[in-house]
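Numbering (our numbering), first residue to last: 5 to 305.
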């Protein structure tokens, strides 16, 4: 029996495995991906190729039949082939509540997809690109909701930017494990260049995050600067969807300053934490500031 090195095996797999639309592109070969992921060894790949040749099975089905991979491995590879990556438990070191990353086929994720669809139809049309996500209480889970929503927008192929505009109690840098100390506050204070502090999140397709940055002594004043308008215009040229995570309404009126720039607001309420009277009060003030309340979402995580 002849043996081949890893690179030779990869070339053989790329030229012989069944791949519907891109069999000549190595990065789309299921065998190549399985090798890169360490799911199979070059020797095991040869076993799969022999069975594939003898039985006419696709590479993934042949590897599955030999017991070398699992159905979960197949789903993970298909997600990469179709630009719909997700993470296995423990990967990325994100909180488990980032469900769209770790449970992409669960019922909870379908809720985020449904919200995404509604927003695509009702708001992100006719040149609209920015949306503020607001809540009344600090414990309503708006930051995790915004993070999950940003990921599902990026999975749609939209160039998505999540901005942590909560300059007092930011969370996005923790959710996405960002090390940069600078962010939105530094840009608004002319201490940093916007495109130098935006972080591309490599785990997901077309997702970038602008962290809040240095905690300033004057967050509301920064958000009311004219430079914020200029910033929005700059970002609109680079991204398809821009989501703003904001300070809870009960903690300050920062969200009003952001909503005035985005013109659109999505309200997030928590099933066991938000009172209807508070939502009504917040909605009235948002509308008075000239913002359109696009919709509201009730969450329970």
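From the three backbone atoms N, C-alpha and C, an ideal C-beta is built for every residue, glycine too.
query: What are the residues that DSSP puts in a beta bridge with residue 249?
result: 137 and 168
query: For residue 168 versus residue 216, is the C-beta spacing smaller than 8 angstroms?
result: yes
query: Mind checking whether residue 250 and residue 137 have CB atoms under 8 angstroms apart?
result: yes
message: According to DSSP, is residue 36 part of a helix, a strand, or is it coil?
response: helix
CB of residue 301 within 8 angstroms of CB of residue 272, strictly: yes
- request: Please classify residue 170: is it buried, with 16 or more other beta-carbons within 10 angstroms of its beta-carbon, or exposed?
  value: buried
field: Exposed unless 16 or more other CB atoms sit within 10 angstroms - verdict on residue 220
entry: buried
message: Excluding the 5 residues flanking residue 55 on each side, which residues of the same chain have their C-beta closer than 6 angstroms to its C-beta?
response: 66
field: Bridge-paired residues (DSSP) for residue 212
entry: 165 and 204
task: Tell me, please, whether the region 114-131 touches the region 200-210 by the rule of three or more beta-carbon pairs shorter than 8 angstroms.
output: no
message: Please return the same chain residues whose Cβ sits closer than 6 angstroms to the Cβ of residue 81, not counting the five positions on each side in sequence.
response: 34 and 37
field: Sheet register partners of residue 301 (DSSP bridge)
entry: 272
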